[in-house]
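Each residue of the sequence shown is one higher than the one before, counting from 6 in our numbering. Take a look at the structure below.
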Amino acid sequence: QMSAAKKVTVTLPDDILASAQRITGKGITSTIIDGLLALERGEKRTLLRSLRGKLDFELDSKTRR
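Written as structure tokens, this is what we have:
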């Protein structure tokens with residue numbers, strides 16, 4: 006489910022790319038996509054952590070059923 010793609014040319018350190026590919030077990034493009042998605046997930050986790058204690062949430066299990 007990939008949206009519009011953009012072709013880019015980047016210069017990456019061989020050791021970092023090789024290590025990342027070893028971790029993912031994937032090719033270059035898939036490894037880079039996984040890394041970018043990990044950055045996105047990290048940002049979302051940071052945002053959610055910043056909301057901790059700032060939202061009131063109440064769940065009544067009796068009325069939920």
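Every residue, glycine too, gets a C-beta built ideally from N, C-alpha and C.
Option in the options with minimal Cα separation from residue i
i, options, result
"residue 18", "26, 11, 12", "26"
"residue 12", "51, 34, 41", "34"
Host alpha helix (DSSP H) of residue i (start-end)
i, result
"residue 19", "19 to 29"
"residue 8", "Unbroken run through residue 8: none, as it is neither H nor E."
"residue 34", "33 to 55"
Cβ neighbours of residue i in the same chain (closer than 6 Å, five flanking residues each side left out)
i, result
"residue 39", "29"
Residue i burial status per 10 Å Cβ neighbour count (16 or more: buried)
i, result
"residue 36", "buried"
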